[in-house]
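Residue numbers (this note's numbering): 2 to 209. Here a beta-carbon is modelled for each residue, glycine too, at the ideal position from N, C-alpha and C. These figures come from a predicted structure and were not determined experimentally.
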């Protein structure tokens, strides 16, 4: 092969963007029926080993028409009172989300912005494949933030047959096609969904 052509092919291969998987886990709640409150998020990606970045800052109130505004003290109190009613019989869940909301309102620095998330997704000139855990809700948040073009996958770790045998599934969001169905095994726990940590620990065990 001609040396010049060979060098050109090597350069093109180097310049060609590679895929990276971005795992995003949002903390959010509903506000006034149609609005969503983006409280915080945890994100990590494949090219940075074991690094999890926490997105914090004053919560964002997002409307279906794309309008985004910062949560003020009035909307904070209104949201808190609403959560007290919704999770009245689920004190553990209530405490978790109230703590997140309180920390977000008190945060003095903020990376909970669309520009930070865009820079994170675009870093290193790679194609970002977004892995979500909450399906429609997380996709809704991304769309309201203006991220509509990325490939999105849904990850679930679920006791399909209600027999404590859990399966890890990756589902292509657009077509609902299952592209991975991996048996994690028999796990004793309450409920039919694994948390992100439980999923991670189970995957590590099956790979040993």
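Practice problem: Measuring alpha carbon to alpha carbon, tell me which of 169, 54 and 59 ends up nearest residue 111. | Solution: 59
Exercise. May I ask you to report which of helix, strand or coil DSSP gives residue 204?
Key: helix
Quiz item: Candidates 90, 147, 134 and 188: which alpha carbon is nearest residue 157's?
Solution: 134
Quiz prompt | Complete alpha helix (DSSP H) runs within the region 116-195 (minimum length 4 residues, chain order) | solution = 137-145
Quiz item: Are the beta-carbon atoms belonging to residue 72 and residue 62 less than 8 Å from one another?
Solution: yes
Quiz item: When burial is assigned at 16 or more other CB atoms within 10 Å of the CB, is residue 89 buried or exposed?
Solution: exposed
Self-check item: Which listed residue (55, 198 and 36) has its alpha carbon closest to that of residue 118
Solution: 55
Practice problem: From the DSSP output, read off the bridge partner residues of residue 56. | Solution: 42
Exercise. Compute every distance between the C-beta of residue 167 and the non-hydrogen atoms of the ligand HEM, then say whether any falls below 7 Å.
Key: No copy of the ligand HEM occurs in the structure displayed, which carries no ligand at all.
Practice problem: Along the beta strand (DSSP E) that carries residue 106, what are the first and last residues, could you check? | Solution: No beta strand (DSSP E) holds residue 106; the alpha helix (DSSP H) holding it covers 92-107.
Quiz item: Is DSSP giving residue 31 helix, strand or coil here?
Solution: strand
Practice problem: Using the Cα positions of residue 179 and residue 132, report the straight-line distance between them to the nearest angstrom. | Solution: 14 Å
Quiz item: Does DSSP put residue 37 in a helix, in a strand, or in coil?
Solution: strand
Quiz item: Per DSSP, residue 20 is paired with what?
Solution: 128
Practice problem: Return the CA-CA distance between residue 67 and residue 36, expressed in angstroms with no decimal places. | Solution: 10 Å
Quiz item: Hey, residue 105 and residue 40 are a contact pair by Cβ (cut 8 Å); roughly how many whole angstroms apart?
Solution: 5 Å
Quiz item: Which first and last residues belong to the beta strand (DSSP E) in which residue 70 is found?
Solution: 69-71
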